[in-house]
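First residue of the sequence shown: 48, per the numbering used here; consecutive thereafter.
Backbone N, C-alpha and C define an ideal beta-carbon position, used for all residues, glycine too.
A quick write-up on the structure given underneath.
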Amino acid sequence: MSKKRERTDPRILRTRQYLRDALIALIKEKSFDSVQVKEITQRAKLNRATFYLHYRDKNDLLVKSMQEILEQLEQDVGSSPVVEGQVTPDLIVKPLISVFDHIARHADFYYVMLCEMGVPSAINEIQHYIEQVALRWMTKLQPDQTRVVVETEMVIKFVSTAYIGVVKWWLNNDMPHSSEHMAKQFMSLVSLGVSRSVGLNLPLTNW
48 MSKKRERTDP
58 RILRTRQYLR
68 DALIALIKEK
78 SFDSVQVKEI
88 TQRAKLNRAT
98 FYLHYRDKND
108 LLVKSMQEIL
118 EQLEQDVGSS
128 PVVEGQVTPD
138 LIVKPLISVF
148 DHIARHADFY
158 YVMLCEMGVP
168 SAINEIQHYI
178 EQVALRWMTK
188 LQPDQTRVVV
198 ETEMVIKFVS
208 TAYIGVVKWW
218 LNNDMPHSSE
228 HMAKQFMSLV
238 SLGVSRSVGL
248 NLPLTNW
């Protein structure tokens, strides 16, 4: 079966959705390591033969589910609107709103992957994706490396880790704020820095 058909056949998409939802529901009840394929198929109301038509094992299901979710995220956000050296609030905030909207639509999946029953491999995959996007944006926004004060790699790691922390807080608290509010708050944190975000004016260093 062609990859194109796998991505568009409604029956295949529906079956994979059932299996993914079953996996997520089971991880919420117990650890990923404890979940068995038999339990996944029973929860999805599908037989084991159907499962093995699509996945080798539960790890394959997890990996491919993550890939599908991240592909959907990329489609939801679209290509980077960043133009070299040009920065406006909307330029950054709008894509961030799209990211939070995407997370809200798949809240159960992200909650299980990132929060209380977090799956380390999934967390690493999500963080890696965020880092790749941030690196592309930052390279366009600041192409002149002579003006960089903190190493780009360190900045990318700081921002991606902070972003996952903010998303986890949002999910753990039942998403108390809108996507727009969260995007603007995160951008304020990035643009102002930690000290100014909490009302402090720490002196700049000459290190």
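Check your understanding: Would you say the segment 95–109 touches the segment 57–77, given that touching needs at least three Cβ pairs under 8 Å?
Key -> Taking a contact to require three or more Cβ pairs closer than 8 Å, the segment 95–109 and the segment 57–77 qualify as touching.
Check your understanding: Counting Cβ pairs, one atom from each stretch, are 3 or more of them under 8 Å apart for the segment 165–181 and the segment 221–234?
Key -> The segment 165–181 is not in contact with the segment 221–234.
Practice item. Starting from the Cα of valine 159, find the closest Cα among Leu60, Ser207, Leu218, Ile139 and give me that residue. Key: If we check each option's Cα against that of valine 159, Leu218 comes out closest.
Exercise for review: Enumerate in chain order the residues of its own chain whose CB-to-CB distance from methionine 113 is below 6 Å, with the five nearest sequence positions on each side excluded.
Suggested key: If we look at methionine 113 and ignore the five residues flanking it on each side, its Cβ neighbours are Ala169, Glu172.
**Study point:** Proximal residues to tyrosine 102 (C-beta, below 8 Å), its chain only, five neighbours per side dropped
**Key:** Result list for tyrosine 102: Leu66, Leu108, Lys111, in chain order.
Exercise for review: For serine 225, count neighbouring C-beta atoms within 10 Å of its own C-beta (all shown protein chains included) and say buried if the count is 16 or more, exposed if not.
Suggested key: Exposed, by the Cβ-count rule.
Check your understanding: Is serine 145 closer than 8 Å to glutamate 178 when the C-beta atoms are compared?
Key -> In this structure, glutamate 178 keeps its C-beta atom at 8 Å or more from the C-beta atom of serine 145.
Check your understanding: Three-state secondary structure (DSSP) at valine 82?
Key -> DSSP places valine 82 in coil when its eight states are reduced to three.
Check your understanding: How would you write the range of the alpha helix (DSSP H) that serine 225 sits in, first residue to last?
Key -> Note, serine 225: premise wrong, no alpha helix (DSSP H); not H, not E.
Review point. Do you know how far the Cα of valine 202 is from the Cα of proline 190?
Key: Cα-Cα distance, rounded: 15 Å.
Review point. What first and last residue would you give for the alpha helix (DSSP H) that runs through valine 110?
Key: Unbroken alpha helix (DSSP H) run through valine 110: 105–124.
Review point. Beta carbon of leucine 143, beta carbon of alanine 230: below 8 Å?
Key: The Cβ atoms of leucine 143 and alanine 230 lie closer than 8 Å to each other.
Check your understanding: What whole-angstrom Cβ distance do isoleucine 116 and glutamine 174 have, given they're in contact under 8 Å?
Key -> About 14 Å separates the two Cβ atoms, so there is no contact after all.
Review point. Can you list, in chain order, the residues of its chain whose CB lies under 6 Å from that of proline 250, leaving out five sequence neighbours each side?
Key: The answer is none, since no qualifying residue turns up.
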